[in-house]
Amino acid sequence: GRMEELLVYMNGEFVPESQAKISIFDHGFLYGDGVFEGIRAYNGRVFKLYEHIDRLYDCAKVIDLEIPLSKEEFAEAILETLRRNRLRDAYIRPIVTRGIGDLGLDPRKCSNPAVIIITKPWGRLYGDLYEKGLRAVTVTVRRNAIDSLPPNIKSLNYLNNILAKIEANAKGGDEAIFLDHNGYVSEGSGDNIFVVKNGEITTPPTINNLKGITRAVVIDIIRELGIPFKEANIGLFDLYSADEIFVTGTAAEIAPVTYIDGRTVGDGKPGEVTKRLIEKFNEITAREGVEIYK
Ligand code: PMP
């Protein structure tokens with residue numbers, strides 16, 4: 004095991020995990036007022052670092068939160084946190100909160116956003132389910148409406164996702180699949196969704212879900228392999244009659260879904276198309292990314 008505690012970046016300083024604490028008056032804690040990212044490093048390289056930083060800054064812009072670092076400084080802070088912890092394969096969690104305010108909601112009372120970067124060694128999110136496939140369940144709780152809390156904002160308010168997870172747990176599912184208020188398939192509680200039917204791959208447009216960076220990588224792979232592909236709304240019929248289903252995310256990577264609402268997907272084993280994509284994805288993540296140790 005590791006002798007020393009891992010260090011966390013907090014507002015320009017590196018502090019041991021057990022001492023990395025924020026105020027109870029931080030609006031990130033009080034109201035979920037803040038934004039975050041989930042990034043992975045593979046083999047000494049941070050995968051899609053600048054794409055994640057761009058999304059973090061876009062989300063901050065949408066909630067009118069000014070991040071007190073330039074994008075370059077933020078990228079360097081992430082790399083330095085990994086170096087201080089001597090990590091080569093890691094999960095990285097940057098967080099920007101609104102900062103300390105009073106007990107009222109008004110973000111104008113908060114003057115100092117807190118910037119936190121947690122890095123951890125982390126393996127596969129779904130363990131042996133990459134071979135077996137996940138049991139997914141659609142949940143009754145709808146994805147946040149695009150005109151109330153747009154799912155494109157990766158905000159600290161993840162209660163919608165947690166409600167979905169609670170329901171999936173109660174139903175014996177490994178992952179929850181959200182529908183939106185029109186009954187269209189949105190995404191998983193922490194990943195985007197794709198279906199394969201008669202050799203063609205479909206994923207919903209990123210209006211009612213998070214613009215996943217893994218999703219974009221997978222679409223690039225699909226195009227490179229020349230597999231027929233479209234972005235289109237999908238409903239329960241498409242889900243239940245799919246030959247293959249898989250979910251994508253930084254934490255989840257590419258995970259096959261082999262049961263949906265008690266129905267077998269295809270022959271109940273991870274599909275051939277999904278397996279091809281996983282293989283390509285692993286090749287890309289092992290060699291691409293921003294070098295941590297130069
Ligand atoms: N949807 C949700 C709700 C998520 O939390 C995530 C994980 N960030 C994703 C999709 C996948 O996004 P990405 O591929 O950028 O990790």
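Following full-length UniProt numbering, the residues of the sequence shown are numbered contiguously, the last one being 297.
All C-beta atoms, glycine included, are put in the ideal place defined by N, C-alpha and C.
In whole angstroms, what is the alpha-carbon distance linking D246 and L33? Their Cα atoms are separated by approximately 44 Å.
Tell me whether I216, by its Cβ, gets closer than 6 Å to a heavy atom of the ligand PMP. Checking every heavy atom of the ligand PMP against the Cβ of I216, one is found closer than 6 Å.
Span separating the alpha-carbon of A63 from that of Y94: Computed Cα separation, rounded: 21 Å.
Please classify A258 as buried or exposed, where buried requires at least 16 other C-beta atoms within 10 Å of its C-beta. Classification for A258: buried.
Tell me which residue opens and which closes the beta strand (DSSP E) that V99 is part of. Membership of V99 in the beta strand (DSSP E) is indicated by the continuous run 93–100.
Leaving aside the five residues before and after I263 along the sequence, list all residues of the same chain whose C-beta is less than 7 Å from its C-beta, in chain order. Apart from sequence neighbours up to five positions away, the residues of its chain that approach I263 with a beta-carbon distance below 7 Å are A139, L242, Y243, I248, ordered along the chain.
Pair every Cβ in the segment 84–102 with every Cβ in the segment 112–132, then say whether three or more of these pairs are closer than 8 Å. These segments touch.
Beta strand (DSSP E) containing E247: first to last residue? DSSP places E247 in the uninterrupted beta strand (DSSP E) bounded by 247–252.
According to DSSP, which residues form a beta bridge with R43? Its beta-bridge partners are Y94.
Pick from D92, N115, I210, V65 that is closest to L72, judged by C-alpha positions: From the listed residues D92, N115, I210, V65, the smallest Cα separation to L72 is found for N115.
Any heavy atom of the ligand PMP closer than 6 Å to the Cβ of T141? No, the ligand PMP has no heavy atom inside 6 Å of this Cβ.
Which of helix, strand or coil does DSSP assign to T209? In the structure shown, T209 sits in coil (DSSP, three-state: anything other than H, G, I, E or B).
Tell me the start and end of each unbroken alpha helix (DSSP H) in the segment 19–66 that is at least 4 residues and wholly inside, in chain order. Contiguous alpha helix (DSSP H) elements confined to the segment 19–66 occur at 30–34, 52–65, taking only those with 4 or more residues.
For N185, decide whether its Cβ has a neighbour in chain D, counting only Cβ atoms nearer than 7 Å. Absence of chain D from the displayed structure is noted, only one protein chain being present.
Let me check you understand the geometry: is the CB of G41 closer than 6 Å to at least one non-hydrogen atom of the ligand PMP? It does: the Cβ of G41 is within 6 Å (strictly closer) of some heavy atom of the ligand PMP.
Does at least one heavy atom of the ligand PMP sit under 6 Å from the Cβ of G130? G130 Cβ: outside cutoff for every heavy atom of the ligand PMP.
Y133 lies in the alpha helix (DSSP H); which residues open and close that run? Its alpha helix (DSSP H) spans residues 132–135.
Starting from Y12, trace the beta strand (DSSP E) in both directions and tell me its first and last residue. 10–13 is the span of the beta strand (DSSP E), which, as asked, contains Y12.
On the three-state DSSP scale, how would you describe G4? Confidence at G4 is low in this model, with a pLDDT of 48, below 50, so its placement is unreliable and the value that follows should be read with caution. In the three-state reduction of the DSSP assignment, G4 falls in the coil class, being assigned neither a helical nor a strand state.
What's the call for I165, buried or exposed, on a 16-neighbour Cβ count within 10 Å? Around the beta carbon of I165, fewer than 16 other beta carbons lie within 10 angstroms, which makes this residue exposed.
Are the segment 133–151 and the segment 53–63 in contact at 8 Å, needing three or more beta carbon pairs? The answer is no - the segment 53–63 does not touch the segment 133–151, with fewer than three Cβ pairs under 8 Å.
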